[in-house]
Each structure stands twice: as C-alpha cells, then as structure tokens.
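To start, the structure itself, in structure tokens.
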Amino acid sequence: MQVFCDFFFLLLLLLLLSMLFCNHCCYYYVLVE
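Quick note on our numbering: the sequence shown kicks off at 669 and runs consecutively.
Right under this line is the structure:
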C-alpha cells in the first residue's frame, strides 16, 4: 500500500510539473508571437 501511495504522489508531482512546464512554454510562445 505504501508503494502505491508513493507512486501516486510521484505521478501527481509529475503531472503538476508538466502543467507548469506547459504553461511556461505557452507564455513563451505567446511572447514570441
């Protein structure tokens, strides 16, 4: 069960990072345009 919780937490963290990264790229793209 602990492993599952760690995996879920890692997945959530990855999702958050990807969202932040995507937003950063989108803002950069808008500025460049």
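We put the CB at the ideal spot given by N, CA and C, even for glycine.
Source: prediction; values computed, not measured.
With a CB to CB cut of under 7 angstroms and the five nearest residues on each side skipped, what residues in its chain are close to residue i?
{"i": "Ser686", "result": "none"}
{"i": "Tyr696", "result": "none"}
Go through its chain and collect everything with a Cβ distance to residue i's Cβ below 6 angstroms, but skip five positions before and after it.
{"i": "Val671", "result": "none"}
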